[in-house]
Ligand code: PGA
Ligand code: ZN
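In UniProt numbering, the protein residues as written are 12 to 435.
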């Protein structure tokens, strides 16, 4: 049972404060979890409690959330069985008492939820992926590697937030990392040769001064080819326009490109990109408030492209069910801090899988050295992970953990590759 709960303030990959929680069980087992943080957040996410004191941390302090962990939450979960994750998470939800975890803070609640899972795994002398996923957990995910950053994650004019590569043709996860790294370095030299900056954005991808998605895609395609890989067959393209960020007054306002697109024009534009490039998946192609646009695009290209909902579902099972019912996409992004407990995040995964939808386990743009999501990707067998570029330790820590898991699984390991995606 849970004996000790300690919340503390650490800093994330952007240098902002975030919550870390240690849980110690009666047998001495320790679980530690750090909470990530988004920049382009969905409107219906669980609430990340910030202090709002402008004199400290530019208003981003999380001292109240830490105090909730060390006070109310610690007092009420002490003595609970960490193995009963559902019971613990239900107690946390009830203690908070709000629909969005706004009272205690989803950052406080999630830290405790994940730390408890890790403590329970330690008590069972099992790695987290096996403790949560069982003996059958053996599928290493296809990584979506974000090598060009724009939008809210960089200071360049690119309207789209993320341009990713996915090594669908690799035989193993370790080989996928090698392929991604090679392309990343080719891209670096190509950008340099073209006179661009090779500084990186929040998720470790380059942030060159490009204006259109086509310019970015052309650089990525050239880098794939120049490295010796076949675009599409060996390495596919994935984008996250994060379009809620530039949907204003009913139109998609491409400020960097200097173009406005209506929802139908947005669907035309994206369908054109899918025709012109080997695009396997697009996340948030339409805004969270443009469900008609979402349905139009899904009806048009959903049979040949994975369309993953991030802002539109916020890892919320009820929102996902509504999306499944009404034809909004065919895939869901899962970010544990969007919903605030492990149990709720796993319920969202289960609901997606029951409907035949795909699931992508994801980081946030603000991360830490915590690698829980790597284990979650294997535990759920979802086959896809989005965790940034081939640089910056907050991103590569997850890839490195997956390399270790693949090694540990040995002959039992299987790399998802292309099979993880919806089959066209
Ligand atoms: P965020 O971005 O973590 O800043 O919200 C990631 C995403 O949109 O997928
Ligand atoms: Zn997104």
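Quick reminder that beta carbons are idealized off the backbone N, C-alpha and C, glycines included. In this text, all values refer to a predicted model and were calculated from it rather than measured experimentally.
| Check | Outcome |
| --- | --- |
| Outcome for residue 435 when other beta-carbon atoms lying within 10 angstroms are tallied against a minimum of 16 | With a pLDDT of 45 at residue 435, under the threshold of 50, the predicted position of this residue should be treated as unreliable, and no value is reported. |
| Simplified DSSP state of residue 290, which is helix, strand or coil | strand |
| Best match in 298, 412, 20 and 153 for proximity to residue 432 [C-alpha to C-alpha] | 153 |
| C-alpha gap between residue 388 and residue 245, whole angstroms | 22 Å |
| 4-residue-minimum alpha helix (DSSP H) runs that sit fully inside the segment 22 to 90, ordered along the chain | 74 to 79 and 85 to 88 |
| Enclosing beta strand (DSSP E) for residue 370 [first to last residue] | 369 to 373 |
| Touching by the beta-carbon criterion (3+ pairs, under 8 Å), the segment 82 to 90 and the segment 40 to 60 | no |
| As assigned by DSSP and simplified to three states, the class of residue 435 | Any reading at residue 435 must be qualified, since the residue scores a pLDDT of 45, below 50, and its modelled position is unreliable; the value itself is stated next. Residue 435 falls in the coil class under three-state DSSP. |
| CA-to-CA distance, residue 149 to residue 423, given in whole angstroms | 6 Å |
| Start and end residues, alpha helix (DSSP H) containing residue 172 | First-last for residue 172: undefined, no H or E at that position. |
| At least three beta-carbon pairs within less than 8 Å, the segment 185 to 200 to the segment 124 to 134 | no |
| Local Cβ density within 10 Å of residue 209, reported as buried at 16 or more and exposed below that | exposed |
| Residue 382 versus 425, 362, 411 and 361, residue with shortest Cα-Cα distance | 411 |
| CB contact flag (residue 309, residue 24, <8 Å) | no |
| Contact check, residue 358 vs residue 328, beta carbons under 8 Å | yes |
| Contact between the segment 360 to 371 and the segment 173 to 180 (3+ Cβ pairs under 8 Å) | no |
| Cβ separation of residue 76 and residue 99, assumed to be a contact under 8 Å, to the nearest whole Å | Rounded, the Cβ-Cβ distance is 18 Å, inconsistent with contact. |
| Exposure of residue 415, with buried meaning 16 or more beta-carbon neighbours within 10 Å | exposed |
| Chain-order list of residues whose beta-carbon lies under 7 Å from that of residue 289 (same chain, five-residue window excluded) | 242, 243, 247 and 248 |
| Check whether residue 262 and residue 123 have beta carbons under 8 Å apart | no |
| Any non-hydrogen atom of ligand 1 within 7 Å of residue 373 CB | yes |
| Assigned secondary structure, residue 242 (DSSP; H/G/I helix, E/B strand, else coil) | strand |
| Proximity test, residue 294 beta-carbon vs ligand 2 heavy atom, cut-off 7 Å | yes |
| Of the listed residues 321, 191, 82 and 270, nearest to residue 232 (C-alpha basis) | 191 |
| Helix, strand or coil at residue 154 [DSSP, three-state] | strand |
| Residue environment, residue 266, which counts as buried when at least 16 other CB atoms sit within 10 Å | exposed |
| Any chain D beta carbon closer than 8 Å to residue 268 | Although the question refers to chain D, the structure presented lacks it and comprises just one protein chain. |
| Close-in-space but distant-in-sequence residues of the same chain around residue 339 (CB under 7 Å, 5 per side omitted) | 302, 305, 306, 309, 320 and 323 |
| Which listed residue (312, 403, 400 and 317) has its alpha carbon closest to that of residue 371 | 317 |
| Other residues of its chain near residue 80: CB distance less than 8 Å, five sequence neighbours each side excluded | 16, 17, 18, 30, 32, 119, 122 and 123 |
| Any non-hydrogen atom of ligand 1 within 7 Å of residue 383 CB | no |
| Ranges of the beta strand (DSSP E) found wholly within the segment 290 to 341, counting only runs of at least 3 | 290 to 294 and 317 to 320 |
| 6 Å Cβ shell around residue 281 - same chain, five flanking residues per side excluded | 296 |
| For residue 213 and residue 164, believed in contact at Cβ under 8 Å, the rounded distance | 4 Å |
| Cβ-heavy atom distance, residue 224 to ligand 1, below 7 Å | no |
| Three-state secondary structure assigned by DSSP to residue 406 | helix |
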